[in-house]
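All letters in the sequence shown, in the order written, are residues 90 to 395 by our numbering.
Even glycine gets a Cβ: it sits at the ideal position worked out from N, Cα and C.
Here is the structure we will look at.
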Amino acid sequence: MSSAPRVPNTPPNERSKVTLPRLAEMKRLGEPIAMVTAYDYPSAQVVEEAGADLVLVGDSGAMTVLGHDSTVPVGMDEMLMLAAAVRRGLKTPFLVGDMPFGSYEASNEGAVANAQRFIKEAGCDAVKLERGGASVDRARAIIRAGIPVMGHVGLTPQTATALGGYKAQGRTGERASQIAEDAFALQAVGCFAVVFEAVPAAVTEAIMPSMEVPVIGIGAGAGADGQVLVFHDLLGIHTGHTARFVKRYAAIHDEMVAGVSNYVADVRERRFPEESHTYSIDPDELSAFADYLDQDTLAGKSKWDW
Ligand code: KIV
């Protein structure tokens, strides 16, 4: 098993592929796991080059790339299209497809069938589903069908309404115990990792000694085995409100607006295109073309006759 460090800007052929044993090894060795979302070919290329370990095609794509105001409306076909595009841009990180709301709750059979689509049609390595409770049964069924599953507890955006909105979870002893029980149950049925979202850092730290599989935190403090952030949040691709747990590493939206504004201004002021952006034609060929345009047959025709 390789424990070669995955550093940014290393050519992909010199980077080792992340596997489930490698993720387990990282947990054992205490090496932080870097996970990030991606939703299309260019974002996949970026996270590949940046050396991420785990990539999630999150149902957050419903909001970040499809413009919905929650993750609920996105369906299987849309998620598969996004995941397949990410697959084409990704070589070495471990790729997880997020099962959308409505794709796994009703039955184990339905959950397995949709999980298989992520593997067969989009080329994902694993799937993720939200919550404990009935989702534990679904996770067990999918794992028994041979597909690795990542769990997700704490703030589970697909059922945010039932949780009282997008806010931190586990802030009472009882609610924290529920999160711990969900995480233990998901671990017990064989999930290879569990995401903890919007959970007090102290609650994560208290649960960690009982977690044998990697815990990936998002707003769950520094005690988790790894961290995940949404691509558009960390790069500042969208503007507006972001959760407390988001750290912005760039202001890409502003850079994109500045770039397109410069282009629009150049077109309006006739500064674009320049000579270097145009194609040439041999002068003799141009003169032959001019002769063609001057023919009598052409001269008598209006452009509508064609
Ligand atoms: O959909 C998503 O992006 C997620 C991560 C925030 C964990 O579920």
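G147 has its Cβ nearer than 7 Å to a heavy atom of ligand 1. Between ligand 1 and the CB of I122, the shortest heavy atom gap is not smaller than 7 Å.
Annotation: Q134 is outside any beta strand (DSSP E); the continuous alpha helix (DSSP H) that includes it extends over Y130 to A139. Looking at the backbone, the Cα of V238 and that of A133 are separated by about 21 Å. Taking C-beta separations shorter than 6 Å and ignoring five residues to either side along the sequence, the partners of Y255 in its chain run A249, following chain order. Per DSSP, reduced to three states, the secondary structure at G243 is strand. In this structure, Q316 keeps its C-beta atom at 8 Å or more from the C-beta atom of A113. By the 16-neighbour rule on beta-carbons within 10 angstroms, G259 is buried. Counting along the chain, K209 sits inside the alpha helix (DSSP H) bounded by residues N197 to K209.
With respect to the C-alpha of R206, the residue from D380, G186, A195 and T245 having the closest C-alpha is G186. One Cα belongs to V135, the other to V216, and the distance between them is close to 21 Å. Under the DSSP assignment, I307 falls in the beta strand (DSSP E) whose first and last residues are V304 to I307. By the neighbour-count definition (other C-beta atoms within 10 Å, threshold 16), V346 is an exposed residue. The C-alpha of R220 is placed about 33 Å away from the C-alpha of A340. Annotation for D355: the continuous alpha helix (DSSP H) segment containing it runs I341 to R357.
Minimum Cα-Cα distance from A151 among the listed residues P246, G325 and G348 corresponds to P246. At a Cβ-Cβ threshold of 8 Å, D226 and N203 do not count as neighbours. Sequence-distant partners of M168 (beyond 5 residues in either direction) whose C-beta falls short of 6 Å from its own C-beta, in its chain, are P189.
Apart from sequence neighbours up to five positions away, the residues of its chain that approach F183 with a beta-carbon distance below 6 Å are V107, L143 and D214, ordered along the chain.
Annotation for I326: I341 and H342 place their beta carbon closer than 6 Å to its own, counting only its chain and skipping 5 residues before and after.
When C-beta atoms of the region 283–295 are compared with those of the region 304–312, three or more pairs fall below 8 Å, so the two segments count as touching. The distance from the Cβ of A230 to that of L218 is about 11 Å, inconsistent with a contact at the 8 Å cut-off.
Classified as buried, L179 has 16 or more neighbouring CB atoms from the shown chains inside 10 Å of its CB. For E286, there is no enclosing alpha helix (DSSP H); the enclosing beta strand (DSSP E) covers residues A282 to E286. With contacts defined by Cβ atoms closer than 8 Å, Y128 and T153 form a contacting pair. Boundaries of the beta strand (DSSP E) harbouring K217: A215 to K217, taken from the DSSP string. H241 and E210 have their alpha carbons spaced roughly 23 Å apart. Per DSSP, V146 is one residue of the beta strand (DSSP E) stretching across L143 to V146. G156 and S369 have their alpha carbons spaced roughly 42 Å apart. Beyond the five residues adjoining it in sequence on each side, R177 comes within less than 6 Å, by CB distance, of Y130 in the same chain, given in chain order. The Cβ atoms of A269 and I296 lie closer than 8 Å to each other. Under a 10 Å Cβ-count criterion, D373 is classified as exposed, with fewer than 16 other Cβ atoms of the shown protein chains found around its own Cβ.
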